[in-house]
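Residue numbers (this note's numbering): 1 to 350. Here a beta-carbon is modelled for each residue, glycine too, at the ideal position from N, C-alpha and C. Keep in mind the model is a prediction, meaning the values are calculated, not measured.
Given below as structure tokens:
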């Protein structure tokens, strides 16, 4: 085993440095200018990886290339300084607020408008269901006064449109639109065979090794129902180890990672806050950006919160608020609003 490989294997920190700059080997550098060579060796001992020079080089390499991926929602992109950066985003919400629809729409827009590769790890919704949601949304977006009626995901699934010519034409138009980019959206259906976070990590690491020039966006739906890395861990430890693995994907592979998270039950009747994540492991510590989705009605009469939420859930569209609870490199404690159309599988910014 080579020396460097052995040092790595045993966990020894090591560096490969060039101390013979301009010479064919260290001996030539030493004999040609002993003082200069000595100074170079001493400098490398103090700063073996020449960190600041390397940092400047990395900045120069990417300064003309956008480091972010726009989400397709203008208000969200503005809030996030352009879009998604190579870091860990955690999106939390209670049930039925539309977090799967919202994240899938982001994936769809990124693939459709930018030709970016998406890896979507779905543990609650099957690949067919997600695809039908996308086709439903496209049918609403493509519909006009002379077309057939837009189709819900359920009506697409039950085949109603196959026997009605106007609707058939509209759905086929949606399918044709989706066919232009759907191969970029890799949906991993984990509804029956749940993966661990380490499974996702290994898959993404192998993909980046095979495709070094492609930086995909990773979405995980959702955190709490991943298969635990270690079955012996407590519930909190299971979540903490999983979120740490996704943090590694974002930082080591330099790609954006969105992880969807459920809220603890005590948060169902109160506005989203950092505390909403606290009973579910160390999510708030690992996340670079922490986002929460909630009904705008949560801010209405506090004495009737339950009734307000129940009423909001019956509406179409539903008024939704996205709150930035933490943003390591940008603005936090701010919010933007969306309209969520549950039957269309779509969200629209106000």
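For residue i, which of the options has the nearest alpha-carbon?
| i | options | result |
| --- | --- | --- |
| residue 277 | 94, 19, 141, 24 | 94 |
| residue 101 | 126, 117, 84, 43 | 126 |
| residue 252 | 294, 209, 224, 188 | 209 |
| residue 269 | 286, 297, 254 | 297 |
| residue 333 | 185, 324, 78 | 324 |
| residue 103 | 248, 143, 115, 133 | 133 |
| residue 353 | 346, 328, 122, 307 | Only positions 1 to 350 of the chain appear in the structure, and residue 353 is not among them; the question remains open. |
| residue 205 | 247, 80, 177 | 247 |
| residue 135 | 174, 194, 144 | 174 |
| residue 181 | 191, 149, 200, 112 | 112 |
Our contact map puts residue i next to residue j with C-beta atoms below 8 Å; I'd like the distance itself, whole angstroms only.
| i | j | result |
| --- | --- | --- |
| residue 86 | residue 250 | 6 Å |
| residue 217 | residue 88 | Contact doesn't hold; Cβ gap of about 12 Å is too wide. |
| residue 349 | residue 73 | 5 Å |
Using the beta-carbon count (16 or more within 10 Å), is residue i buried or exposed?
| i | result |
| --- | --- |
| residue 310 | exposed |
| residue 288 | buried |
| residue 166 | exposed |
| residue 214 | exposed |
| residue 55 | exposed |
Between residue i and residue j, what straight-line distance do the alpha-carbon atoms span, to the nearest angstrom?
| i | j | result |
| --- | --- | --- |
| residue 211 | residue 117 | 11 Å |
| residue 152 | residue 57 | 51 Å |
| residue 227 | residue 256 | 22 Å |
| residue 231 | residue 157 | 36 Å |
| residue 187 | residue 299 | 36 Å |
| residue 198 | residue 335 | 33 Å |
| residue 318 | residue 44 | 60 Å |
| residue 196 | residue 262 | 17 Å |
| residue 224 | residue 66 | 32 Å |
| residue 114 | residue 107 | 11 Å |
| residue 26 | residue 68 | 42 Å |
Report yes if the CB atom of residue i is closer than 8 Å to the CB atom of residue j, and no otherwise.
| i | j | result |
| --- | --- | --- |
| residue 260 | residue 222 | yes |
| residue 35 | residue 19 | no |
| residue 344 | residue 137 | yes |
| residue 91 | residue 78 | no |
| residue 142 | residue 177 | yes |
| residue 97 | residue 293 | yes |
| residue 282 | residue 274 | no |
| residue 80 | residue 194 | no |
If you measure from the beta carbon of residue i to each beta carbon in chain B, is any gap under 8 Å?
| i | result |
| --- | --- |
| residue 181 | Absence of chain B from the displayed structure is noted, only one protein chain being present. |
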